[in-house]
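Below: the structure, in structure tokens.
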Amino acid sequence: MASTVLNTPPEILHMMFAPLSPSDLNAVCLTHRNWRSVAEPLLYARIEWTWTNSQNPPIAQFLRSIVHRPELASLVHAVILNGDCFERSSYDYEKKSPKLSVSEDVLDELVQCIERIHIPYGEKWIQELRAGTMDAYSALLLSRLPNLRCLYLGMNFARESGILGMMLRSALCKEPQNSNLPSFTHLQDVSAVYPRPGRFIRQFTDVRNTADALPFFYLPSVEHIKTLVDNPTTFMWPGEYPPSPPRLESLDLKMLREGHLGQVLSATRGLRKLRWDWHYRPDLEDHFVTDIIDLDQIAADLSHVQDTLTDLTITAGSDVCLADPELPTLTFRGSFKTFSGLHMLERLEVPFPFLLGLSPSAPNVVGLAEALPRNIQWLTVTDDLCFQNEWGWEFESEYLVETFRSWLRDRKKATPYLQRFRLLIKEMEMRDLYPEMIQGFRDMNAQTDIQVEIVEGERRVSNKW
1 MASTVLNTPP
11 EILHMMFAPL
21 SPSDLNAVCL
31 THRNWRSVAE
41 PLLYARIEWT
51 WTNSQNPPIA
61 QFLRSIVHRP
71 ELASLVHAVI
81 LNGDCFERSS
91 YDYEKKSPKL
101 SVSEDVLDEL
111 VQCIERIHIP
121 YGEKWIQELR
131 AGTMDAYSAL
141 LLSRLPNLRC
151 LYLGMNFARE
161 SGILGMMLRS
171 ALCKEPQNSN
181 LPSFTHLQDV
191 SAVYPRPGRF
201 IRQFTDVRNT
211 ADALPFFYLP
221 SVEHIKTLVD
231 NPTTFMWPGE
241 YPPSPPRLES
251 LDLKMLREGH
261 LGQVLSATRG
271 LRKLRWDWHY
281 RPDLEDHFVT
291 DIIDLDQIAA
301 DLSHVQDTLT
311 DLTITAGSDV
321 CLADPELPTL
331 TFRGSFKTFS
341 GLHMLERLEV
351 PFPFLLGLSP
361 SAPNVVGLAE
371 ALPRNIQWLT
381 VTDDLCFQNE
391 WGWEFESEYL
401 VETFRSWLRD
411 RKKATPYLQR
421 FRLLIKEMEM
431 RDLYPEMIQG
441 FRDMNAQTDI
451 QVEIVEGERR
461 VSNKW
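Counting with the UniProt record's numbering, you get residues 1 to 465 for the letters of the sequence shown.
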């Protein structure tokens, strides 16, 4: 009987082992050599750890394992590094992340790995490794994974990632120099959860994460990037030339303002889906980070992807410094035809002030028929910016409903493919909407042959992803 079980075909064993937890797979690996050859690829395919104040991931032990058996590193396809508890307040950027405690014999083996990588910052890397800095360990981990396909870098790991950034620049942005670093040719999906800049951080440091985040755009096979890019004083790509990721189709970008956004989009000519968060806070103000929402600049930025972009989501918000009683004043500048040139666009989600201004008296507003692209199929407008002091729609429910109604009445001329229109409530409470607003949308839904609705969505939190 035991012989029969041990001689089970590998494809049957794979189906048996696939649902098992990592601990169970590890137990299987220790049971029999034949089973180990099937279970090991399942065990190492996905590495998922969480780092908190009370829980350290076994990254040093894992590194030692793949140093002793390099073939195990080639089995790793996904690395998920969770944790977001080290920056609970807007001033936690001043606090260092916890250090790891690693034995000298393990350290000596890992130091030898770094010494075999021909890079000019090797001494600093080794110094941080011996100091127990997680950044040094996560950089070494990724440098050993040639077949990585998916990377999630949680906030606890991303908040201090200077060495990781240097390693990625060496691997992706520099001319080949026999550095013994992987080229990450299989990495397709990247999420790097950098924290938003804390309050008054510019007085503490002028370091931005730009040089650490932008190397991801040099990944040769990347298809999806989600990240936060702080606004540099001067935008510069970390390589000798701008990247040209041929497969990048989906981009989720936070913090980077219009103008700089265009620098990124000019390098992503095949982009199909973009999610972009506009944000302003007075203590971050500089030449690019201003209280002006520049619609003409946004239109120019988006024009780089107008031939491919089919799905666009824009969120927007501002924040206060210290105990300011009111949000900073925002101003729209330019034409409200921002999206009209996106002739491939099928889905658009945008704060409705980007289409109609912050009040009924806003200048330069055009009709929705002129503001929207012809091929739009799904339109979602949100209540982002509704807590701005200059918000003038509070008592204009009937005017707003009539604006939407008149557009829908003649929509087949300007937007003949429209199938769905909705108002997404994220900031206000649904119960606070005026009854005439809710009834107006119900009437529009009954009067048209497309779906019209008001729905309640997840609240926008400025310091969260």
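Cβ coordinates follow ideal geometry from the N, Cα and C atoms, glycine included.
| Distance, Cα to Cα, I66 vs V106? | Position 66 of the sequence shown, counting from 1, holds the residue named residue 66. Position 106 of the sequence shown, counting from 1, holds the residue named residue 106. Approximately 12 Å, taken between the alpha carbons.
| task | Drop a sphere of 10 angstroms on the beta-carbon of G262, count the other beta-carbons inside from all chains shown, and report buried for 16 or more, exposed for fewer. | result | As a working note, residue 262 is residue 262 in the sequence shown. Buried is the call here.
| Do the region 263-274 and the region 183-202 touch if we need at least three Cβ pairs shorter than 8 Å? | no
| Can you tell which of R33, L433, E258 and A60 has its C-alpha closest to the C-alpha of D301? | Mapped onto the sequence shown, residue 301 falls at position 301. Ranking R33, L433, E258 and A60 by Cα distance to D301 puts E258 first.
| said: Helix, strand or coil, according to DSSP, for D84 in the structure here? | reply: Within the sequence shown, numbered from 1, the residue matching residue 84 stands at position 84. In the structure shown, D84 sits in coil (DSSP, three-state: anything other than H, G, I, E or B).
| field | Cut-off 6 Å between Cβ atoms - residues of its own chain near N82, not counting five sequence neighbours on either side | value | Numbered from its first residue, the sequence shown carries residue 82 at position 82. T50 and G154, listed in sequence order.
| query | Per DSSP, what kind of secondary structure is G122 in: helix, strand or coil? | reply | Reading the sequence shown from its first residue, position 122 is the one you call residue 122. In the structure shown, G122 sits in a helix (DSSP, three-state: H, G or I).
| message | Quick check on DSSP: helix, strand or coil for R130? | response | In the sequence shown, the residue the question calls residue 130 occupies position 130. Three-state DSSP puts R130 in a helix.
| Thinking C-beta only, is P243 closer than 8 Å to Y280? | Taking the sequence shown and counting its residues from 1, the one referred to as residue 280 is at position 280. Taking the sequence shown and counting its residues from 1, the one referred to as residue 243 is at position 243. Not a contact, by the Cβ cut-off of 8 Å.
| said: Any contact between the region 119-134 and the region 85-105? By contact I mean 3 or more CB pairs, one from each, below 8 Å. | reply: yes
| Where does L400 land, buried or exposed, given buried means 16+ other C-beta within 10 angstroms? | Residue mapping note: residue 400 aligns to position 400 of the sequence shown, counting from 1. That one is buried.
| task | Taking T227 and F216 to be in contact with their CB atoms under 8 Å, please state how far apart those CB atoms are, rounded to whole angstroms. | result | Residue 227 sits at position 227 when you count from the first residue of the sequence shown. Residue 216 sits at position 216 when you count from the first residue of the sequence shown. At roughly 7 Å, the Cβ-Cβ gap stays under 8 Å, so T227 and F216 are in contact.
| What number of angstroms, rounded off, separates the C-alpha of R411 from the C-alpha of E249? | As a working note, residue 411 is residue 411 in the sequence shown. As a working note, residue 249 is residue 249 in the sequence shown. The straight-line gap from Cα to Cα measures roughly 29 Å.
| query | According to DSSP, what are the bridge partners of E456? | reply | For the purposes of this step, residue 456 is taken as the residue at position 456 of the sequence shown. DSSP, once it has assigned bridges, lists I425 as partnering E456.
| In the DSSP assignment, what residue or residues form a beta bridge with C150? | Taking the first residue of the sequence shown as 1, we reach residue 150 at position 150. Paired residues: A78 and D189.
| query | Buried or exposed: D324, going by 16 or more other Cβ atoms within 10 Å of its Cβ? | reply | Walking along the sequence shown from the start, residue 324 turns up at place 324. Its Cβ having fewer than 16 others within 10 Å, D324 is exposed.
| field | Cβ-based neighbour list, G162, same chain, cut-off 7 Å, excluding 5 preceding and 5 following | value | Position 162 of the sequence shown, counted from the start, is the residue given in the question as residue 162. Correct list, in chain order: D135 and D212.
| field | Selection from D383, S183, E115 and N364 that minimises the alpha carbon distance to T315 | value | Taking the first residue of the sequence shown as position 1, residue 315 is located at position 315. Comparing Cα-Cα distances from T315 to each of D383, S183, E115 and N364, the minimum goes to D383.
| message | By the three-class DSSP mapping on this structure, what secondary structure does R46 have? | response | Counted from its first residue, the sequence shown places residue 46 at position 46. Residue state, collapsed to three classes: strand.
| field | Between the CA atoms of R159 and P195 - distance to the nearest angstrom | value | In the sequence shown, counting from the first residue as 1, residue 195 sits at position 195. In the sequence shown, counting from the first residue as 1, residue 159 sits at position 159. Looking at the two C-alpha atoms, the distance is approximately 6 Å.
| Is L63 helix, strand or coil by DSSP? | What you label residue 63 is simply residue 63 of the sequence shown in a count that begins at 1. Of the three classes helix, strand and coil, the one that applies to L63 here is helix, per DSSP.
| message | Taking its Cβ as the centre, do 16 or more other Cβ atoms sit within 10 Å of S89, making it buried, or is it exposed? | response | On the sequence shown, position 89 is the one that residue 89 refers to. It counts as exposed.
| message | Looking at S335: is its Cβ nearer than 8 Å to the Cβ of N375? | response | Along the sequence shown, one-based indexing puts residue 335 at 335. Along the sequence shown, one-based indexing puts residue 375 at 375. Contact flag unset, no.
| Proximity below 8 Å, CB of V381 to CB of L423 | Start at 1 with the first residue of the sequence shown, and residue 381 comes out as number 381. Start at 1 with the first residue of the sequence shown, and residue 423 comes out as number 423. Cβ distance < 8 Å, so V381 and L423 count as in contact.
| message | What residue range does the alpha helix (DSSP H) around R69 cover? | response | One-based indexing of the sequence shown puts residue 69 at position 69. Here R69 belongs to no alpha helix (DSSP H), and DSSP marks it neither H nor E.
| query | Does DSSP put S138 in a helix, a strand or coil? | reply | Stepping through the sequence shown from its first residue, residue 138 is reached at position 138. In the structure shown, S138 sits in a helix (DSSP, three-state: H, G or I).
| query | With distances taken from CA atoms, which of P120, E123, K174 and A60 is nearest E104? | reply | Here residue 104 corresponds to residue number 104 of the sequence shown, with the count starting at 1. Among P120, E123, K174 and A60, the Cα nearest to that of E104 is on A60.
| message | Quick check on DSSP: helix, strand or coil for W393? | response | Position 393 of the sequence shown, counting from 1, holds the residue named residue 393. W393: coil per DSSP, three-state reduction.
| query | Per the contact definition of three or more C-beta pairs closer than 8 Å, is the region 70-85 in contact with the region 117-125? | reply | no
| said: Looking at the secondary structure, which residues open and close the alpha helix (DSSP H) in which K412 lies? | reply: Translated into the one-based positions of the sequence shown, residue 412 becomes position 412. It spans R411 to A414 - the alpha helix (DSSP H) in which K412 sits, taken as one unbroken run.
| query | Going by beta carbon distance, what residues of the same chain come within less than 6 Å of E453, once the five residues before and after it are set aside? | reply | Taking the first residue of the sequence shown as 1, we reach residue 453 at position 453. Correct list, in chain order: R422.
| query | Under a Cβ-count criterion, where at least 16 other Cβ atoms within 10 Å of its own Cβ denotes burial, should R333 be classed as buried or exposed? | reply | Position 333 of the sequence shown, counted from the start, is the residue given in the question as residue 333. Per the 10 Å Cβ criterion, exposed.
| field | Distance between R431 and E394 (C-alpha atoms, nearest Å) | value | As a working mapping, residue 394 is identified with position 394 in the sequence shown. As a working mapping, residue 431 is identified with position 431 in the sequence shown. Computed Cα separation, rounded: 14 Å.
| What do you get for V207, buried or exposed, if any count of 16 or more other CB atoms within 10 angstroms of its CB means buried? | Within the sequence shown, residue 207 is the residue found at index 207, counting from 1. With fewer than 16 Cβ atoms within 10 Å of its Cβ, V207 is classed as exposed.
| query | Who are the Cβ neighbours of Q447 in its own chain at under 7 Å, not counting the five residues just before and after it? | reply | The residue given as residue 447 occupies position 447 in the sequence shown. Once the five neighbours on either side are set aside, Q447 has no close Cβ partner at all.
| message | Between the alpha carbons of Q451 and L418, how many angstroms are there, rounded? | response | Here residue 451 refers to the residue found at position 451 of the sequence shown. Here residue 418 refers to the residue found at position 418 of the sequence shown. Looking at the two C-alpha atoms, the distance is approximately 9 Å.
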